[in-house]
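Step one of this worksheet: look at the structure below.
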Amino acid sequence: MHTKVLETAQFLLNKGFDAQVAVVLGSGLGGLTQEMQIEQEIEYKNIPNFPVSTVEGHDGRLLFGTLGGKKIVAMKGRFHYYEGYSMKEVTFPIRVFYFMGIKTLFLSNAAGGLNPDYAVGDVMVITDHINNFPEHPLRGKNIEAWGTRFPDMSTTYNQTYIALATKMAKEINMNLRYGIYVGTSGPTYETPAEYKYFRIMGADTVGMSTVPEVIAAHQMGMQIFAVSVVTDSGVPGQIKTVTHEEVQQIAATVGSQLSLLFSKMIAEL
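Okay, here's the thing in structure tokens:
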């Protein structure tokens with residue numbers, strides 16, 4: 000796998016694709032690119048060794064350009080464990096970014112809200128996570144070039160970036176929440192009992208991504224900032240039937256504000 004990561008990283012660099020910051024866009028959050036000046040793009044199917052996104056709302060392209068005056072690469076479409084990919088495949092792009100010289104990672108996701116103080120449409124800065132996936136992304140033989148066998152996860156999310164988000168959000172009159180995200184395998188949305196279970200565990204939002212990518216990035220020493228967009232409620236008495244299309248629509252409504260937040264933050268890095 001390491002050889003494939005290096006091959007893919009070198010392929011992109013040889014094509015002239017370059018970036019300082021990587022951004023992973025969640026379901027319905029492709030609108031984040033509206034603040035981005037796109038200079039080059041390439042479809043996943045045209046990148047050696049790259050998986051291909053199969054989920055509606057995930058276009059399956061790498062976008063290279065500038066945001067906040069910095070060179071960035073945006074993943075318009077990520078890979079999920081529920082699609083049948085192994086954790087090594089789910090985290091493959093993150094490894095590639097690192098070996099392209101990228102040390103900063105921003106992530107977004109659409110998530111169910113568990114905290115009764117949250118409303119649909121809220122944006123939560125992830126301060127910590129709970130890994131509830133059935134397979135760990137670091138399971139198997141450790142590759143020393145990727146980092147230590149036993150990464151310490153006590154300081155995973157960059158506190159400087161979280162403070163910067165707070166400052167920039169005030170400038171654009173954006174209300175942020177702060178909390179814990181639990182990652183699950185999916186693809187089913189949670190039962191009322193599962194929502195209750197995850198809330199008892201201490202989670203504020205729940206979703207089907209992000210945690211594997213964060214673990215891989217943290218192992219390699221990347222600096223991480225991540226947010227959840229609350230697209231449906233898992234709070235007792237507020238639970239309604241939800242579809243993937245509705246999740247995308249709700250996520251899209253906050254896309255412009257989130258895009259502006261990311262842009263202002265990246266400009267300050």
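Going left to right, the sequence shown walks through residues 0 to 268 as numbering that gives the first Met the number 0 numbers them. Cβ atoms here follow ideal geometry from the backbone N, Cα and C, with glycine treated the same way.
Same chain, Cβ closer than 8 angstroms to GLU189, five either side skipped, listed in chain order: GLY111, THR183, PHE197, VAL205, GLY233
Under the three-state DSSP convention, the category LEU268 falls into: coil
Closest Cα partner of ASN45 within the set VAL23, GLN218, ASN172, LYS14: LYS14
Rounded Cβ spacing between GLU267 and LEU163 (contact assumed at less than 8 angstroms): 6 angstroms
Cβ neighbour criterion (16 or more within 10 Å) applied to ASP121: buried
MET35 to ALA73 span [Cα, whole Å]: 9 angstroms
Beta-carbon contacts of MET86 that lie in its chain and below 6 angstroms, excluding the five residues immediately before and after: GLU134, PRO136, PRO211
DSSP-derived helix/strand/coil call for VAL122: strand
Distance, PRO235 Cα to SER258 Cα: Annotation: SER258 to PRO235 spans about 31 angstroms, alpha carbon to alpha carbon.
Cβ-Cβ distance between SER107 and VAL228 below 8 angstroms: yes
PHE78 vs VAL95 beta-carbon contact at 8 angstroms: no
Anticipated Cβ contact below 8 angstroms, LEU260 with ALA168, distance rounded: 6 angstroms
Nearest candidate by alpha-carbon position, reference PHE224, set VAL119, THR155, LYS140, ILE41: Residue nearest to PHE224 within the set VAL119, THR155, LYS140, ILE41 is THR155 (criterion: CA-CA distance).
Backbone CA spacing between HIS1 and ILE142 [nearest angstrom]: 7 angstroms
Cβ-based neighbour list, ASN114, same chain, cut-off 7 angstroms, excluding 5 preceding and 5 following: GLY178, ASP203
Outcome for HIS57 when other beta-carbon atoms lying within 10 angstroms are tallied against a minimum of 16: Residue placement at HIS57 cannot be trusted, given a pLDDT of 49 that sits under 50; what the coordinates show is reported in the next sentence. HIS57 is classed as buried because its beta carbon has at least 16 other beta carbons within 10 Å across all chains shown.
Contact belief for MET219 with TYR97 at Cβ below 8 angstroms, rounded distance in angstroms: 5 angstroms
Neighbourhood of PHE10 by C-beta, 8 angstroms cutoff - its chain only, sequence neighbours within 5 removed: ILE46, PRO47
Check whether ILE101 and ALA18 have beta carbons under 8 angstroms apart: yes
Beta-carbon proximity check, TYR117 vs ARG176, cutoff 8 angstroms: yes
Continuous alpha helix (DSSP H) stretch holding LYS87: start and end: 86-89
Beta-carbon contacts of TYR160 that lie in its chain and below 6 angstroms, excluding the five residues immediately before and after: PHE224
Unbroken beta strand (DSSP E) run spanning THR65, endpoints: 60-66
Beta bridge counterpart(s) of HIS243 as assigned by DSSP: Paired residue(s): none; HIS243 is not in a bridge.
Rounded Cβ spacing between VAL124 and ASP231 (contact assumed at less than 8 angstroms): At roughly 19 angstroms, the Cβ-Cβ gap does not stay under 8 angstroms, so VAL124 and ASP231 are not in contact.
CA-to-CA distance, GLN33 to LYS75, given in whole angstroms: 12 angstroms
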